[in-house]
Structures are given as C-alpha cells and as structure tokens.
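See structure below.
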Amino acid sequence: RGEVNYTVEEDDNYYIGAVNVNSRTVKATMTVDISSMVYNTSKAETRCSTKNGLCSLRLLFPKTRYAVLTTPKDMT
Numbered sequence: 053r054g055e056v057n058y059t060v061e062e063d064d065n066y067y068i069g070a071v072n073v074n075s076r077t078v079k080a081t082m083t084v085d086i087s088s089m090v091y092n093t094s095k096a097e098t099r100c101s102t103k104n105g106l107c108s109l110r111l112l113f114p115k116t117r118y119a120v121l122t123t124p125k126d127m128t
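In this note's numbering, the protein residues as written are 53 to 128.
Below is the structure:
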C-alpha cells in the first residue's frame, strides 16, 4: 500500500493515472482527496492591479492585516 501527496502550485489541467508495469494482472483501488481554497476579494478594502505596471499597498502595522495575492485566469 502506498501513498502519494502532490501540491498544485498553479492553475492548469491535471490528470491522475496509474500504470501496471508488471507482467501479471493486478487489481488496484485509488482514493483521491482534493481540496481548494477560494477567497471572495470583491469587497477588499484596497486593491492594486499590475495590469499597467507595478503597484504598492500601504499596510499599517502593528494592526493585523491580511493580504491575498490573486492572478487573472487568462494572462494573454
């Protein structure tokens, strides 16, 4: 029995498969657990787009602040 973990680092299409390299027939069972996180950034206090170049955000410390970096679905 084996276990494989893989972290997806970027958006794309991914396929899962198994190959039997032995000369005899084997029976295999696969369990696939997938999780993701989605953040609603539509009501963000501050936004900064790099569409037209660099941008910067003013974050006041030591107050707790959260920043979410997002990328567009299509970079073309």
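Don't be surprised by glycine CBs; every beta carbon is placed ideally from N, CA and C.
query	result
Beta-carbon proximity list for residue 72, same chain, < 6 angstroms, skipping 5 on both sides	78
Sequence-distant residues of the same chain with beta carbon closer than 8 angstroms to residue 108, five excluded per side	100
Distance between residue 88 and residue 112 (C-alpha atoms, nearest Å)	30 angstroms
Straight-line gap, residue 57 to residue 83 (C-alpha atoms, nearest Å)	12 angstroms
Closest Cα partner of residue 121 within the set 75, 102, 66	102
Contact check, residue 67 vs residue 60, beta carbons under 8 angstroms	no
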